[in-house]
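Trainee: Here it is, the structure, as structure tokens.
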Amino acid sequence: EADIYQTPRYLVIGTGKKITLECSQTMGHDKMYWYQQDPGMELHLIHYSYGVNSTEKGDLSSESTVSRIRTEHFPLTLESARPSHTSQYLCASSERPAGVRNEQFFGPGTRLTVL
Amino acid sequence: DAKTTQPTSMDCAEGRAANLPCNHSTISGNEYVYWYRQIHSQGPQYIIHGLKNNETNEMASLIITEDRKSSTLILPHATLRDTAVYYCIVRTRGTGNQFYFGTGTSLTVIP
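From first to last, the protein sequence lines stand for chains R and L.
For the first sequence, position 63 (counting from the first letter as 1) is numbered 63 according to this note's numbering, and the numbering increases by one without interruption.
For the second sequence, position 49 (counting from the first letter as 1) is numbered 1049 according to this note's numbering, and the numbering increases by one without interruption.
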């Protein structure tokens, strides 16, 4: 089982609130990712990081921001939540350099609802 | 990374083999084929990957055609817990390229 954790699992919050979605992994992986997924739809990469102090934007434009101060921690922040941010947010990590399987390990996800 | 084409949905009887096809006609020589699955509301889970040869592990088998333009994921004895969306992905291993998951195949295992 992958050791990657996300909190909270579910969050319902009002418009305009600042929120931070937490993601931590205990595998020592350098690469970490955030995906956004609407129900029944594709996963879209919104942020990734190659290591400490490295952050890049993904394929899908997002109003969220990320930081990578520690290897094991990759939080995602929304400064002012809006109903359009309602979605599931999935965090993942992988080894760098690529391991034998070069796979991404996913957390359980955070389901965000903005009212 | 090459694009993939998968059927939108499939059904399979419990206990039978589930064969999930994937077309990747523009795959290049150094691109691997990966399969992941996503059970409802959970994060995707790695299943198997391969380059040219057929591969088998404790979860599934991967059959890649000789020209590498298509592949089939085989779940030998499908159970109800195998109901999930299955993603076929091709990408170059060990690069900065990310996984493109697409819409996948929604497999329903029927009792």
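Glycine included, every Cβ here is placed at the ideal spot set by N, Cα and C.
Can you find at least 3 beta carbon pairs, one from the region 27-38 of chain R and one from the region 77-92 of chain R, that sit closer than 8 Å?
Mentor: Because the criterion of three Cβ pairs below 8 Å is met, the region 27-38 of chain R and the region 77-92 of chain R touch.
Trainee: Could you round the C-beta distance between R/Ser94 and R/Lys31 to whole angstroms and report it? I think they count as a contact, below 8 Å.
Mentor: 5 Å
Trainee: How would you call R/Arg68, buried or exposed, if buried means at least 16 neighbouring beta carbons within 10 angstroms?
Mentor: buried
Trainee: Measuring alpha carbon to alpha carbon, tell me which of R/Arg82, R/Val66, R/Ser24 and R/Ile4 ends up nearest R/Val114.
Mentor: R/Arg82
Trainee: Under 8 Å: do the region 8-21 of chain R and the region 1006-1016 of chain L share three or more Cβ pairs, one atom per stretch?
Mentor: no
Trainee: Beta carbon of L/Asn1054, beta carbon of L/Ile1048: below 8 Å?
Mentor: No, these two residues do not count as a Cβ contact at 8 Å.
Trainee: Should L/Ile948 be labelled buried (16 or more other beta-carbon atoms within 10 Å of its own) or exposed?
Mentor: Residue 948 of chain L cannot be examined here, being either before or after the span of chain L that is shown, 1001 to 1111.
Trainee: Taking 8 Å as the CB-CB limit, is L/Tyr1046 close to chain R?
Mentor: yes
Trainee: Give me the chain R residues within the contact set of L/Ser1041, using Cβ-Cβ distance strictly less than 8 Å, ordered along the chain.
Mentor: Neighbours of L/Ser1041 on chain R, chain order: Gln88, Gly109 and Arg111.
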